[in-house]
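Worksheet: the structure to be examined is printed underneath.
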Amino acid sequence: FLDEIGDTTPAFQKRLLRVLQERSFERVGGTKSIDVDIRCIAATNKDLKAQVAAGPFREDLYYRLHVIALELPPLAKRRSDIGLLADHFCQRFGQQLGRPNLHLSPECLAAMEAYSWPGNVRELSNTIERAAVLSLQDQIQVDDLHPDIGTPALQAGEPSGFHALVENFRRETLEAALDRHDGHQTKAAASLSLQRSYFARLLKKYGLV
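Quick note, the numbering used here runs 102 ahead of the 1-based positions in the sequence shown.
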């Protein structure tokens, strides 16, 4: 598996093409050809066809690799995968840190599912690793996430349909909690089982402060 194949140098591309075509290679400093039986999978986040047209990527290597192509949509377009991937990374980093019960709180998962993830799965992995290190308990909270994820921005324009109902419900719930506790944010946050800092960010997001 060759990741980020679009970032490789012309020299590497030339050597890789030879291995794929001749099914053999020579060790560094060696003189004997070694035959290999391999299957190659390559991944990239770049448009290789455009790279070929622009020059950085070899056309012959492109067609050698482009036998079966799988295009994976960005993480923002497959939000149902976020929870599954997050659980996977919680298990991985939990084992590394000696915390096998590491998991996300419901509020944390909701915040992550609302985030756009411009860095896709790699950003998600880094986010879980960071939270695992910073969290003081086995349940990762919204406060353990990067602020940009903890307070996801709405898309441009007003939300509509189902999303509008959800946003209105959240705003009304926050307002009601503040009213019940005479504007006391700590008590209002506790009544909703939310972290005080996350509650404050929600108030700012919905223009309630």
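Cβ atoms here follow ideal geometry from the backbone N, Cα and C, with glycine treated the same way.
Legend entry - Straight-line gap, residue 286 to residue 209 (C-alpha atoms, nearest Å): Position 184 of the sequence shown, counted from the start, is the residue given in the question as residue 286. Position 107 of the sequence shown, counted from the start, is the residue given in the question as residue 209. Looking at the two C-alpha atoms, the distance is approximately 21 Å.
Inset, instruction - Determine the DSSP secondary structure at residue 144, reduced to helix, strand or coil. - result: Taking the sequence shown and counting its residues from 1, one reaches residue 144 at position 42. Strand at residue 144.
Inset, instruction - Let me know the alpha helix (DSSP H) ranges lying completely inside the region 182–260, each 4 residues or longer, listed in chain order. - result: 182–198, 208–216, 222–236, 249–252
Inset, instruction - Please determine, among 227, 309, 302, 120, the residue with the shortest C-alpha to C-alpha distance to residue 183. - result: Sequence index remark: in the sequence shown, residue 183 carries index 81 (1-based). The shortest C-alpha separation from residue 183 is found at 227.
Legend entry - Pairwise C-alpha distance: residue 159 and residue 112: The residue given as residue 112 occupies position 10 in the sequence shown. The residue given as residue 159 occupies position 57 in the sequence shown. So the alpha carbons of these two residues sit roughly 7 Å apart.
Inset, instruction - Within 10 angstroms of the Cβ of residue 192, are there 16 or more other Cβ atoms? Answer buried if so, exposed if not. - result: The residue you call residue 192 lines up with position 90 of the sequence shown. By the neighbour-count rule (16 or more Cβ atoms within 10 Å), residue 192 is buried.
Legend entry - Helix, strand or coil at residue 135 according to DSSP, with G and I counted as helix: Taking the sequence shown and counting its residues from 1, one reaches residue 135 at position 33. If DSSP states are grouped into helix, strand and coil, residue 135 belongs with the strands.
Legend entry - Range of the contiguous beta strand (DSSP E) that encloses residue 127: In the sequence shown, counting from the first residue as 1, residue 127 sits at position 25. 126–128 is the span of the beta strand (DSSP E), which, as asked, contains residue 127.
Legend entry - Segment contact flag, the region 193–207 with the region 152–167, C-beta cutoff 8 Å, min 3 pairs: no
Legend entry - Neighbour-count burial assignment, residue 275, 16 or more Cβ in a 10 Å radius: The residue given as residue 275 occupies position 173 in the sequence shown. With fewer than 16 other Cβ atoms within 10 Å, it is exposed.
Legend entry - Continuous alpha helix (DSSP H) stretch holding residue 161: start and end: Within the sequence shown, numbered from 1, the residue matching residue 161 stands at position 59. 161–167 is the span of the alpha helix (DSSP H), which, as asked, contains residue 161.
Legend entry - Which of helix, strand or coil DSSP assigns to residue 104: Translated into positions along the sequence shown, residue 104 becomes position 2. Residue state, collapsed to three classes: strand.
Inset, instruction - Run the CB neighbour count on residue 244, radius 10 Å, all protein chains shown included, and call it buried at 16 or more, exposed below. - result: Here the question's residue 244 lines up with position 142 in the sequence shown. Buried, since its Cβ has 16 or more Cβ neighbours within 10 Å.
Legend entry - From 155, 166, 136, residue whose alpha carbon lies closest to that of residue 122: As a position in the sequence shown, residue 122 is number 20, starting the count at 1. That would be 166, whose Cα lies nearest to the Cα of residue 122.
Legend entry - residue 108 versus residue 153 - alpha carbon distance: Translated into the one-based positions of the sequence shown, residue 108 becomes position 6. Translated into the one-based positions of the sequence shown, residue 153 becomes position 51. In a straight line, the C-alpha of residue 108 is about 8 Å away from that of residue 153.
Inset, instruction - State yes or no: is the C-beta of residue 215 within less than 8 Å of the C-beta of residue 185? - result: Position 113 of the sequence shown holds residue 215. Position 83 of the sequence shown holds residue 185. Contact flag set, yes.
Inset, instruction - Could you say which of 222, 247, 223 lies nearest to residue 234 if we only look at CA atoms? - result: In the sequence shown, the residue the question calls residue 234 occupies position 132. With distances taken between Cα atoms, residue 234 lies closest to 247.
Inset, instruction - Pull up the CB-CB distance for residue 242 and residue 207, whole angstroms please, since I reckon it's below 8 Å. - result: By one-based count along the sequence shown, residue 242 stands at place 140. By one-based count along the sequence shown, residue 207 stands at place 105. At roughly 6 Å, the Cβ-Cβ gap stays under 8 Å, so residue 242 and residue 207 are in contact.
Legend entry - Three-way DSSP call (helix, strand, coil) for residue 295 in this model: By 1-based counting over the sequence shown, the position of residue 295 is 193. It is coil, neither helix nor strand.
Inset, instruction - For the alpha helix (DSSP H) holding residue 178, just list the boundary residues, first then last. - result: As a first step, residue 178 must be located in the sequence shown, where it is residue number 76. Neither: residue 178 is in no alpha helix (DSSP H) and is coded neither H nor E.
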